[in-house]
Amino acid sequence: MAPLARTATRLHPRPGAPTVHDSSVGGPLLWPADEPWPYCDERHDSRASLRINAPDDIRLLRRNRAAAAERLRLDPEAPEWAPEELETLQRIKAGRPWFDGPIPLLPVAQLYARDIPFPRPSGADLLQILWCPFDHSMAHPRTALFWRSSATVTDVLDAPPEPPIVQDGHYLPEPCLFSPEQVTEFPNPLELDKELRDQQDDRSRWETIDPAQYNAYAYDPGELYLNNLSTAPGWKAGGWTRWSPTDPVDRSCPECGTPAVPLLTIASAEWDGGSGTWIAEEERTTPAPPPLGAQDGNFTLIDITGGNNLQLHVCPASPGHPHIALLQ
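Throughout the sequence shown, residue numbering follows our numbering, covering 1 to 328 in sequence.
Quick look at the structure:
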């Protein structure tokens, strides 16, 4: 397996107040003031969500929910909602009128190469990812990638346009800073040849590892590999592709045919029930509950179509070629 090892950078988003000079999720971008902001001009389905809200509605609702949770934590007998919060909740539940024009893209992530390694064209040290906050093909948001040299951006756009409406609050990331961690991971079992899969099924090959880990998987070493050594969960740059229970699909660059490599995985959660060994050390050792707004390990409040991952791939021969988005 050693030749198949890859280094991935787990990003560990945590709530914060990023600036344009930070690597972040949902933070402000180092966007040139003289460069047009990208829009999505495709048609959007007004029936895709039961309620349409503006980004500010969603932010206000999150603040009110956090305030209510903190109030109940301090006083379990306190009312769940203050009168003004209840009024706001009812107004937001009524939704916004439909908007049928081009939609400004939302900032999703910004990566500086000094913080996080990623494939990039020569001279670029900054990657910016934006998306349209509506479902498109394969029920995932349409994404746009921009590589640039941060040193060339001297005049920053102060107030980029925001979408007047979004399909769902899960498409509006909560501003987060990264706590990068480099890990070694191996391919999904579906990408291994038959010889390696047969070797994995040989239980005698696993008996020298930590008994506490091995005993839980003694009759299914394939699950031990999948959950502990294969693709890491959560937000990450690089590494291997996390596949769903279906077979891997072709990821050749549509421009030149070169096999594409993972660039960024945008995940709905940091871990799940089958990936406990990947839990970040701070969650493993701190008995306190996760920060407000963090649910089931999801700190960024993104939920890609029911808990899936949106994985962006690029051509290693030329990262500027069209990227490939896979929903798994």
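C-beta: ideal position from N, C-alpha, C; glycine also. Nothing here was measured: the structure is a model prediction, and the numbers come from that model.
Pull up the DSSP beta-bridge partners for Thr265, would you. Taking the sequence shown and counting its residues from 1, one reaches residue 265 at position 265. Its beta-bridge partners are Lys236 and Gln311.
Based on Cα-Cα distance, which residue from Ala5, Met1 and Thr9 lies nearest to Gly234? Sequence index remark: in the sequence shown, residue 234 carries index 234 (1-based). With respect to the C-alpha of Gly234, the residue from Ala5, Met1 and Thr9 having the closest C-alpha is Thr9.
Assigned secondary structure, Trp147 (DSSP; H/G/I helix, E/B strand, else coil): If you number the sequence shown from 1, residue 147 lands on position 147. In the three-state DSSP reduction, Trp147 falls in the strand class (E or B).
Whose CA, out of Glu85, Asp115, Gly169 and Asp125, lies closest to the CA of Asp56? Looking up residue 56 in the sequence shown gives position 56. It is Gly169 whose Cα lies nearest to the Cα of Asp56.
List the residues that DSSP assigns as beta-bridge partners of Leu177. For the purposes of this step, residue 177 is identified with residue 177 of the sequence shown, where counting begins at 1. According to DSSP, which records beta bridges pairwise, Leu177 is partnered with Arg14 and Ser24.
What would DSSP say about Asp135, mapped onto helix, strand or coil? One-based indexing of the sequence shown puts residue 135 at position 135. Three-state result, Asp135: strand.
Is the region 147-164 touching the region 76-94, taking contact as three or more C-beta pairs under 8 Å? These segments do not touch.
Quick one: what's got a C-beta closer than 7 Å to Asp201's C-beta in the same chain, skipping five residues either side? Start at 1 with the first residue of the sequence shown, and residue 201 comes out as number 201. Sequence-distant partners of Asp201 (beyond 5 residues in either direction) whose C-beta falls short of 7 Å from its own C-beta, in its chain, are Pro221 and Gly222.
Can you check which of these residues, Ala48, Arg51, Ile52 and Trp81, is closest to Asn64 by C-alpha distance? Reading the sequence shown from its first residue, position 64 is the one you call residue 64. Taking the Cα of Asn64 as reference, the smallest distance to any Cα among Ala48, Arg51, Ile52 and Trp81 is reached at Trp81.
Cα-Cα, which of Val249, Trp278, Pro141 and Glu181 is closest to Cys40? Within the sequence shown, the letter at position 40 stands for residue 40. Comparing C-alpha distances from Cys40 to each of Val249, Trp278, Pro141 and Glu181 shows the shortest one belongs to Pro141.
Nearest residue (CA-CA) to Asp125, options Pro3, Leu326, Pro319 and Ile324: Here residue 125 corresponds to residue number 125 of the sequence shown, with the count starting at 1. For the options Pro3, Leu326, Pro319 and Ile324, the alpha carbon positioned closest to that of Asp125 is the one of Pro319.
Among Ala67, Asp193 and Ala232, the one whose alpha carbon lies nearest that of Trp332: There is simply no residue 332 to check, as the chain begins at 1 and stops at 328 in what is shown.
Going by other Cβ atoms of all chains shown within 10 Å of its Cβ, with 16 needed for buried, is Pro119 buried or exposed? Position 119 of the sequence shown, counted from the start, is the residue given in the question as residue 119. Buried is the label assigned to Pro119, since at least 16 other Cβ atoms lie within 10 Å of its Cβ.
Would you kindly report the start and end of the unbroken beta strand (DSSP E) that includes Ile324? On the sequence shown, position 324 is the one that residue 324 refers to. Taken as a continuous stretch (DSSP letters only), the beta strand (DSSP E) holding Ile324 covers Ile324 to Leu327.
Proximity below 8 Å, CB of Phe186 to CB of Trp240: By one-based count along the sequence shown, residue 186 stands at place 186. By one-based count along the sequence shown, residue 240 stands at place 240. In contact: Phe186 and Trp240 (Cβ atoms closer than 8 Å).
Do the region 93-108 and the region 41-56 meet, that is, are 3 or more Cβ pairs less than 8 Å apart? The region 93-108 is in contact with the region 41-56.
CA-CA distance, Ile129 and Val249? Walking along the sequence shown from the start, residue 129 turns up at place 129. Walking along the sequence shown from the start, residue 249 turns up at place 249. Spanning the two alpha carbons is a distance of roughly 23 Å.
Assign Thr208 to one of two classes, buried (16 or more other C-beta atoms within 10 Å of its C-beta) or exposed (fewer than that). Residue 208 sits at position 208 when you count from the first residue of the sequence shown. When all chains shown are included, Thr208 counts as exposed.
Collapsed DSSP secondary structure at Tyr112 in the structure displayed: Start at 1 with the first residue of the sequence shown, and residue 112 comes out as number 112. Here Tyr112 carries a strand assignment [DSSP, helix/strand/coil].
Leu92 in three-state terms, based on DSSP: The residue given as residue 92 occupies position 92 in the sequence shown. A small correction: the amino acid at residue 92 is Ile; Leu does not occupy that position in the sequence shown. Residue state, collapsed to three classes: helix.
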